[in-house]
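Each residue of the sequence shown is one higher than the last, beginning at 1 in the numbering used here. Glycine is no exception: its CB is placed at the ideal position from the N, C-alpha and C atoms. Written out below as structure tokens is the structure these notes cover.
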Amino acid sequence: GLLWFGWFGFNAGSWLGNDDGVGALMFVNTQVATAAAMLAWLAYEKIRHGAFTTLGAASGAVAGLVAITPSGGAVSPLGAIAVGAVAGVACAAAVGLKFRFGFDDSLDVVGVHMVGGIIGSLLIGFLATGKGQSSATGVFYGDHSFDQLWKQCAGVFAVLAYSLVVSAVLAFLLDRTLGMRVAEDREVSGIDQAEHAETAYDFSGTGGGVIGSAAPAQAAPQKNRKVDA
């Protein structure tokens, strides 16, 4: 909720100095796209896995926020709903890529942020009305030209290439200095405890114990005891 509320600050707030109404458009589009993405993610979960989850709702909201950030000033509120809905489903499906390809992504940066950003950027090429922050129109508006779509594709490719190169350099430096991975036993017991001799969250006072993993807690085995009659 705090993230959702704070997102209005840099999406809509960055346009409040203008009198062209883009700030108000960004505000509305941010709200409706996020709501649409959250509902779309939950619908995907229900259809695919048979249940809704609170984590899915939160992840869907973040996917919508990410997707509408590049496109919020270029599309209509109806277009923003479409952006959110597409991003919600696409990101929900993409979070499973880490299991298929075996990469470590505990915060689903690839599935939510990368895929959501790509979706929001590319859909400008389809849904831009030409009445917002730019006069450029997408395939569904104006003269139905693909010109803006190709520009969006080029922009997405450039950002992906830049991010890949910079990330590869940083990963190489980290691997040669601090190391990219920790021992498996330390990862299981909790990296905070292993690396810093402390834990970030301690719920022992509430009966929850210290969180060490996302696996459900199991009760300690009890020895059979003879009960006197």
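Separation of leucine 65 from phenylalanine 5, as counted between CA atoms:
10 Å
With a cut-off of 8 Å, do at least 3 Cβ pairs link the segment 98–115 to the segment 41–57?
no
Pull up the CB-CB distance for glycine 116 and cysteine 153, whole angstroms please, since I reckon it's below 8 Å.
So it is not a contact: roughly 17 Å between Cβ atoms.
Inter-residue Cα distance where the pair is alanine 40 and alanine 87:
8 Å
In whole angstroms, what is the alpha-carbon distance linking glutamine 133 and leucine 25?
10 Å
Could you round the C-beta distance between alanine 33 and glycine 84 to whole angstroms and report it? I think they count as a contact, below 8 Å.
4 Å
If we count the other Cβ atoms within 10 Å of its Cβ and call it buried at 16 or more, is alanine 197 buried or exposed?
exposed
Sorted by chain position, which residues of the same chain lie with C-beta nearer than 8 Å to aspartate 112's C-beta, five sequence neighbours on each side aside?
Note that residue 112 is valine in the sequence shown here, rather than aspartate. So the list reads Ser59, Val62, Ala63, Val66, Cys91, Ala94 and Val95, once near-sequence residues are dropped.
Can you have a look at phenylalanine 126 and say buried or exposed, based on whether 16 or more other CB atoms are within 10 angstroms of its CB?
buried
So valine 156 packs on serine 121, CB below 8 Å; how close in whole Å?
5 Å
So who's on the other strand from threonine 30, going by DSSP bridges?
Paired residue(s): none; threonine 30 is not in a bridge.
Compare the beta carbon distance of alanine 37 and phenylalanine 27 with 9 Å and say whether it is the shorter of the two.
no
Between which two residues does the alpha helix (DSSP H) harbouring leucine 149 extend?
147–176
Run through DSSP, which three-state label would alanine 220 get?
Interpretation of alanine 220 is limited by its pLDDT of 39, a score under 50 that renders its predicted location unreliable; no figure is taken from the coordinates.
With which residues is threonine 137 paired in a DSSP beta bridge?
Thr129
Take the Cβ of isoleucine 47 as the centre, count every other Cβ of all protein chains shown within 10 Å, and call the residue buried at 16 or more, exposed below.
exposed
Let's test the definition: count the other Cβ atoms within 10 Å of the Cβ of glycine 79 and tell me whether it reaches 16, buried, or not, exposed.
buried
State the Cα-Cα distance for the pair lysine 194 and valine 182, rounded to the nearest angstrom.
For the record, residue 194 in the displayed sequence is alanine; it is not lysine. Roughly 9 Å separates the two Cα atoms.
Alpha-carbon spacing of glycine 190 relative to threonine 199, whole angstroms
8 Å
Run of the alpha helix (DSSP H) containing glutamate 187, from where it starts to where it stops
184–189
Measure the alpha-carbon distance for valine 165 versus glycine 102 and round it to whole angstroms.
21 Å
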